[in-house]
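Beneath this line is the structure, given in structure tokens, with notes to follow.
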DNA sequence: CCTTAAAACTAACATCGTTAGCATTATATG
DNA sequence: CATATAATGCTAACGATGTTAGTTTTAAGG
């Protein structure tokens, strides 16, 4: 009741903090309101819906992801860049798992805005592949391939699918990335580093 | 009240039917009960919980998946087998998307039973790679790689991540599989078909 | 100071899964 | 065939979820 300086941004921030500490699965508007010493309904003065909040958090997550990836490939080209990118992607997923889950749970179809955010994920990948002289079309395909590998790997590991066998998970990942590099090299031009 | 011949199996079947027609996202015990002309609470005479039902449906889905994959690689070896497997995986995901989502949403960690079911996913993959003379350890890694590619691709496409660019999705998938084959070949021994 | 708009509140709703307790139906047993 | 018993259905209720409507309170501006 004493009224604090709440706004949309501070609520999004609080939500992110809550998700990263308590886990996405136990996040709810109730919990969020509780941490803000507010009743649940009061949240609706600042956000339109839980879905909208979710999307907003997704934007944040994608932005952080993009940041990390761009920093990773900074000054690198060719295989080195691709490996650094894949590494950064993996580390982000491991270091901020809950935030990564938010990205995964983002329905890319809905808004145009969210569709546009998808390009933020693509951009660093395209940049990493810039060294190889590929056609536009090849890059579009290859970007999908690399994303599939990285995302697929992380989400399966997260789901616990990789505990069946006692071999090092990071080795498997490196192998996956090596496969992608082989594919990249198979397109002729510029073998790189 | 007149009491029909309901049992655990028939309820699981009805749930699967409902999920495949209406979509997983709008499935609920209420809806399920409605289609069975029963009150929601009555379901608990046959199932332990919604989670248990979910798991049960997961078993079914994995079994169908395995079936399809084994049939696909039947009589094939080497690259041909791997390609057939990847193709079957993709088609299953497209033809029974809701059932595939059930597999994805299965928390592989929980039960031992569900952990065991994970091997049903691995088995056809191992079988497809049998032609290449790989060590046990290599197969464990490579199985993870292929699963990452297939699952990652399907789930990103499902999420709408691939609509950014106007290039054929199936071409991207074939390219991804080709990358995996290159990786496979890089382990020396037996180039196959 | 007093009006007004923003931000909090209370109360209610529908939906979700779930449990407890009661009624009924089918089945098996004497 | 009758009756005890277990299986299956029902109703009623809970707490949690997101959400809306209507009301009060706080802060800011004229």
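Residue numbers (the working numbering), protein chains in the order written: chain A, 8 to 200; chain B, 8 to 200. C-beta: ideal position from N, C-alpha, C; glycine also.
- Residue-level contact by beta carbon holds for residue 149 of chain A and chain B, with a gap shorter than 9 angstroms.
- By the Cβ neighbour-count rule, residue 62 of chain B is buried, with 16 or more other Cβ atoms within 10 Å of its own.
- Assignment of residue 131 of chain A by DSSP, reduced to helix, strand and coil, places it in the helix class.
- Neighbours of residue 144 of chain A in chain B, taken as residues at a C-beta separation under 7 angstroms, are given in chain order as 174.
- The continuous stretches of alpha helix (DSSP H) do not include residue 193 of chain B, and DSSP gives it neither H nor E.
- Here residue 100 of chain A carries a helix assignment [DSSP, helix/strand/coil].
- In the three-state reduction of the DSSP assignment, residue 172 of chain A falls in the coil class.
- For residue 68 of chain B, the enclosing alpha helix (DSSP H) starts and ends at 57-80.
- Residue 52 of chain A sits in a helix when the DSSP states are folded into three classes.
- Residue contact check for residue 109 of chain B against chain A: no CB pair falls below 9 angstroms.
- Across the set B/88, B/33 and B/50, the C-alpha of B/50 shows the shortest separation from the C-alpha of residue 12 of chain B.
- Here residue 131 of chain B is buried. Its C-beta has 16 or more other C-beta atoms within 10 Å.
- Interface with chain A (9 angstroms Cβ-Cβ cutoff): residue 11 of chain B is excluded.
- Between residue 144 of chain B and residue 190 of chain B, the alpha-carbon positions lie close to 15 angstroms from each other.
- Straight-line measurement puts the Cα of residue 112 of chain B at about 12 angstroms from the Cα of residue 121 of chain B.
- For residue 185 of chain A, the residues of chain B that pass the 7 angstroms Cβ criterion are 190, in the order they occur in the chain.
- The beta carbon of residue 157 of chain B sits closer than 9 angstroms to some beta carbon of chain A.
- Contact with chain A is found for residue 166 of chain B, since one of that chain's Cβ atoms lies less than 9 angstroms from the residue's Cβ.
- Taking a beta-carbon distance threshold of 9 angstroms, residue 31 of chain B does not count as an interface residue toward chain A.
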